[in-house]
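Let me begin by presenting the structure, written as C-alpha cells, before commenting on it.
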Ligand SMILES: *Cc1c(COP(=O)(O)O)cnc(C)c1O
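Numbering (the working numbering), first residue to last: 1018 to 1482.
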C-alpha cells in the first residue's frame, strides 16, 4: 500500500517509510492511498478466530509489500502475547446499556498498548532492515508515556526520551514510566505544564539539523501505524456481536480523534458500523462541532479525564482530507485559517458529510463522577473516568434505540490508573492489579530539568550518541 500526505505535497511512501517518518514533510499526516474493502467471506472467516489472526488479516494489505503476511503474523503474535486476557480485548456486558470493549489488558493498562506493542516491533524490524537508528522524543500527560516506554524498551536501534510535566502526572503514571530499568529509555520531568513539554518537542522537530543528526522520530497518534493497529478491535468486537449480519454502533472517548478515526477506517473498508459517536469531556470542541456545526477553539481546561484534555485534535485532519475530496491544498488552507482565526471554515456540504458518519456529545466532571457511581451501582463494574465519558454519552444517545444494532462503548483505561477519582465516585479505591501493585517497591530513574530548550536538546544529543 502507498501512503499519501493529507497536504498533497510530500513524497508518496510505502508503509515502512511512512512508519518511520511520522509527520509528512509538508506538515500533513500520512493516510493510505486506497482502502481495500473487506470481503464478506473474509469477515465471516474471521469470526471466532484468535485476535492475532484477525489482526494479521486486517492489516496484511495495508502493510504490504513492506512486510509480508507470514512475518506480520509472527510480529502480531508476539505483540499481543503479553496481554493478560486470552481475548486480548474482551467484551463485557452492561445489561441493556450495551457492551464495554476492554482495551486495557496490555502492560501499561491503557488502550495505547494495543497499538504501541505492535508499533514498537514494527519500528525495530524496519530499522534493522534499513540499518538506521532513531531517537524518539515524546511528551506525555500520562498514558502515552508509559505505553511508549514499555513498547520501546530494550529495542535495537531506538533511543527514547520522554518528557512529562513535573508533579503533574499521577503517582502511578510516573512510577509506570520511571521504574523501567532499560538503557535506551530516558525520562525527563520538566518544570512546566504538559503544553510546555509539547512545545519543547515541537521545537526539537523544527530544528532540522538536530532532526537529521539524531534521526528524530515520533510515536504519537499522528503515526499512521497506530491508527491502523487500532482499527482491528472494531472488527473483532463487531464480529463477536453478530456482524456482518448485524450492525454495531460505537461510542468512543475522544481526545486526539485517533481512536474514533480508526473505527472510521474499518467502516470505510466495509465493516457494518451504524454510527460512531465522539464523546468528549469539558474540552468539547469536537462535540460542539458535531452538535452545532461550528469548530471554534477555546482554552484547554483540566478535567477528571486528563488524556482527553485536548482542543486541537490532530487526527481530525485525516477526516477533513477525505471530506474535502482529498484536496491537499484545501486541507492546508483550512488548517492555516483555523490556526490564525481559531475557527475552521467548513461548508454545509462538508459538515453534512462529517455528520453523516459521526455523532457527538460532552460530559462534565460532575457527570463523569455520576456515571462511575451509576455503572458501579447498577452493574457492579468499576470504570475509569475516560470510559465514563463514553458510557455517559453512549447510554444517553443509544438506550432505547434500534434493538437490531449492538452498542459498544470503548473502555480505554483500567480504573486503577485513576484511583483518587474513582474513590470520589464510589467511596473506595479501585483494586490494584498486580502489574501496578509491584511498582511501588522499584527504584525510580528520571532527570528533573527547567523548561529550557537548550537543556533538552543536550539531553537528546547525549542519549543518541
Ligand atoms: C489517549 C486516550 C484517550 C484519547 O484517545 P484519542 O485517540 O486521542 O482520541 C482517551 N482515553 C484514554 C484513557 C487515553 O489514554
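The beta-carbon is built from N, C-alpha and C at its ideal position, and this holds for glycine as well. Just so it is clear, the structure is predicted and the values come from calculations on it, not from any experiment.
Exercise for review: Give me the Cα-Cα distance between residue 1494 and residue 1222, rounded to the nearest whole angstrom.
Suggested key: With the chain represented from 1018 up to 1482, any question about residue 1494 goes unanswered, as that position is not in the structure.
Check your understanding: Contact check, residue 1281 vs residue 1374 under 8 Å by CB: the rounded distance?
Key -> At roughly 7 Å, the Cβ-Cβ gap stays under 8 Å, so residue 1281 and residue 1374 are in contact.
Exercise for review: State yes or no: is the C-beta of residue 1418 nearer than 8 Å to some heavy atom of ligand 1?
Suggested key: no
Exercise for review: State yes or no: is the C-beta of residue 1325 nearer than 8 Å to some heavy atom of ligand 1?
Suggested key: yes
**Study point:** Short Cβ contact (9 Å threshold) for residue 1481 with residue 1176
**Key:** yes
Check your understanding: Should residue 1430 be counted as a contact of ligand 1 given a C-beta to heavy atom distance under 8 Å?
Key -> Yes, the Cβ of residue 1430 comes within 8 Å of a heavy atom of ligand 1.
Point to revise | Residues of its chain near residue 1073, where Cβ-Cβ distance is below 6 Å and the 5 sequence neighbours each way are ignored | key: 1089, 1090 and 1093
Review point. Rounded to whole angstroms, how far is the Cβ of residue 1428 from the Cβ of residue 1385, which I believe are closer than 8 Å?
Key: Not quite, the Cβ-Cβ distance comes to about 14 Å (not below 8 Å), so this is no contact.
**Study point:** Integer-rounded CB distance, given that residue 1291 should sit under 8 Å from residue 1410
**Key:** Incorrect: roughly 16 Å between the Cβ atoms, too far for contact.
Practice item. Return the first residue and the last residue of the beta strand (DSSP E) that residue 1175 is part of. Key: 1175 to 1182
Point to revise | Whole-angstrom distance between residue 1419 and residue 1323, CA atom to CA atom | key: 33 Å
Practice item. Using only the heavy atoms of ligand 1, determine whether one of them is closer than 8 Å to the beta carbon of residue 1446. Key: no
Point to revise | Completely contained beta strand (DSSP E) runs for the region 1338 to 1420, where each covers 3 or more residues | key: 1375 to 1379
Exercise for review: Helix, strand or coil for residue 1093, going by three-state DSSP, please let me know.
Suggested key: helix
Review point. Distance, Cα to Cα, residue 1203 vs residue 1032?
Key: 28 Å
**Study point:** Three-state secondary structure assigned by DSSP to residue 1250
**Key:** In the displayed model, residue 1250 falls within a helix according to three-state DSSP.
Check your understanding: Counting only runs that start and end within the region 1250 to 1282, where is the beta strand (DSSP E) found for 3 or more residues in a row?
Key -> 1264 to 1270
Check your understanding: Cβ of residue 1382 versus every heavy atom of ligand 1: is any distance shorter than 8 Å?
Key -> no
Practice item. List the residues that DSSP assigns as beta-bridge partners of residue 1234. Key: DSSP lists 1153 as partners of residue 1234.
Check your understanding: What are the start and end residues of each continuous beta strand (DSSP E) run of 3 or more residues lying completely inside the region 1040 to 1124, in chain order?
Key -> List check, beta strand (DSSP E) in window: 1047 to 1049, 1108 to 1110 and 1116 to 1119.
Practice item. May I ask you to report which of helix, strand or coil DSSP gives residue 1314? Key: coil
Review point. Hey, out of 1101, 1406, 1106 and 1019, whose CA is closest to residue 1450's CA?
Key: 1101
Practice item. Could you tell me the boundaries of the alpha helix (DSSP H) in which residue 1136 lies? Key: It spans 1129 to 1147 - the alpha helix (DSSP H) in which residue 1136 sits, taken as one unbroken run.
Review point. By DSSP, does residue 1458 sit in helix, in strand, or in coil?
Key: Looking at residue 1458 - three-state DSSP - the assignment turns out to be helix.
Review point. Between which two residues does the beta strand (DSSP E) harbouring residue 1424 extend?
Key: 1422 to 1428
Review point. Grouping DSSP H, G and I as helix and E and B as strand, with all else coil, what is residue 1477?
Key: helix
Exercise for review: May I ask whether a heavy atom of ligand 1 can be found less than 8 Å away from the beta carbon of residue 1261?
Suggested key: no
Check your understanding: Ordered along the chain, which non-local residues of its own chain (more than five positions away) have a Cβ less than 6 Å from that of residue 1135?
Key -> 1096 and 1246
Point to revise | Simplified DSSP assignment, three categories, for residue 1448 | key: coil
Practice item. Rank 1112, 1454, 1303 and 1099 by C-alpha distance to the C-alpha of residue 1408 and give the top, closest one. Key: 1112
Practice item. Rank 1040, 1152, 1065 and 1077 by C-alpha distance to the C-alpha of residue 1476 and give the top, closest one. Key: 1152
Exercise for review: Check residue 1292 in the structure and name its three-state DSSP category.
Suggested key: Here residue 1292 sits in strand by DSSP.
Check your understanding: Which residue or residues does DSSP assign as beta-bridge partners of residue 1019?
Key -> 1031
Practice item. Give the DSSP-derived three-state secondary structure of residue 1186 in the structure shown. Key: Three-state DSSP puts residue 1186 in coil, outside helix and strand.
Check your understanding: Hey, would you say residue 1288 sits closer than 9 Å to residue 1064, going by beta carbons?
Key -> No, these two residues do not count as a Cβ contact at 9 Å.
Point to revise | Segment contact flag, the region 1235 to 1251 with the region 1192 to 1210, C-beta cutoff 8 Å, min 3 pairs | key: no
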